[in-house]
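Numbering (this note's numbering), first residue to last: 25 to 162.
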């Protein structure tokens, strides 16, 4: 079985403060960069305005659909970057990840994630955006 993505917390690295690793290493192959995903429905409309939990779920569902469309899954993710509009949603974001990620990463090892709080996103009613780097399979 070909190794896909390996996550490390190298000696000397600080302990992580959530469900992520300090480094993601892609085995030889091409990387792909997923555009930031918003809570956008099948018709291109923003869904669940004002509901962080529902938007979180939709964002990760959209990422999953994109990964599936390119023959990948969440185990091919090398790194996430997350953008939140409200710092008050950081705890809620962490709680939602703690609920979702064990199913996506049953070995308990998670990809690196950078978390930023920004003034707003491309659509004002969006509360969260997540972009990702993934490794394409052979």
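For every residue, glycine included, the Cβ atom is placed at its ideal position computed from N, Cα and C. Computed from a predicted structure; not experimentally measured.
Report the CB separation of residue 106 from residue 152 in whole angstroms; it is logged as a contact under 8 Å. Rounded to whole angstroms, the Cβ separation of residue 106 and residue 152 is 7 Å, and the two are in contact under 8 Å.
Could you pull out every residue in the same chain whose Cβ sits closer than 6 Å to the Cβ of residue 43, ignoring the five residues on either side in sequence? 121, 125 and 134
Quick check on the DSSP output: the alpha helix (DSSP H) that includes residue 114 runs from which residue to which? 114-128
According to DSSP, is residue 50 helix, strand or coil? Three-state DSSP puts residue 50 in a strand.
Paired residues, beta bridge with residue 137 - DSSP: 104
Under 8 Å, do residue 162 and residue 53 count as touching if we go by C-beta distance? yes
Segment contact flag, the region 59-77 with the region 134-143, C-beta cutoff 8 Å, min 3 pairs: Verdict: no, contact absent.
Is residue 74 near the ligand COA, in the sense that its beta carbon is under 7 Å from a heavy atom of that ligand? You won't find the ligand COA in this model; it holds no ligand whatsoever.
Could you tell me how far apart the beta carbons of residue 156 and residue 103 are, in whole angstroms, since I believe they sit closer than 8 Å? 7 Å
Could you give the DSSP three-state label for residue 91: helix, strand or coil? helix
Using a threshold of 8 Å, state whether the C-beta atoms of residue 94 and residue 56 are closer than that. yes
I think residue 113 touches residue 76, with their Cβ atoms under 8 Å apart; what is that distance to the nearest whole Å? The beta carbons of residue 113 and residue 76 sit about 5 Å from each other, so the pair counts as a contact at 8 Å.
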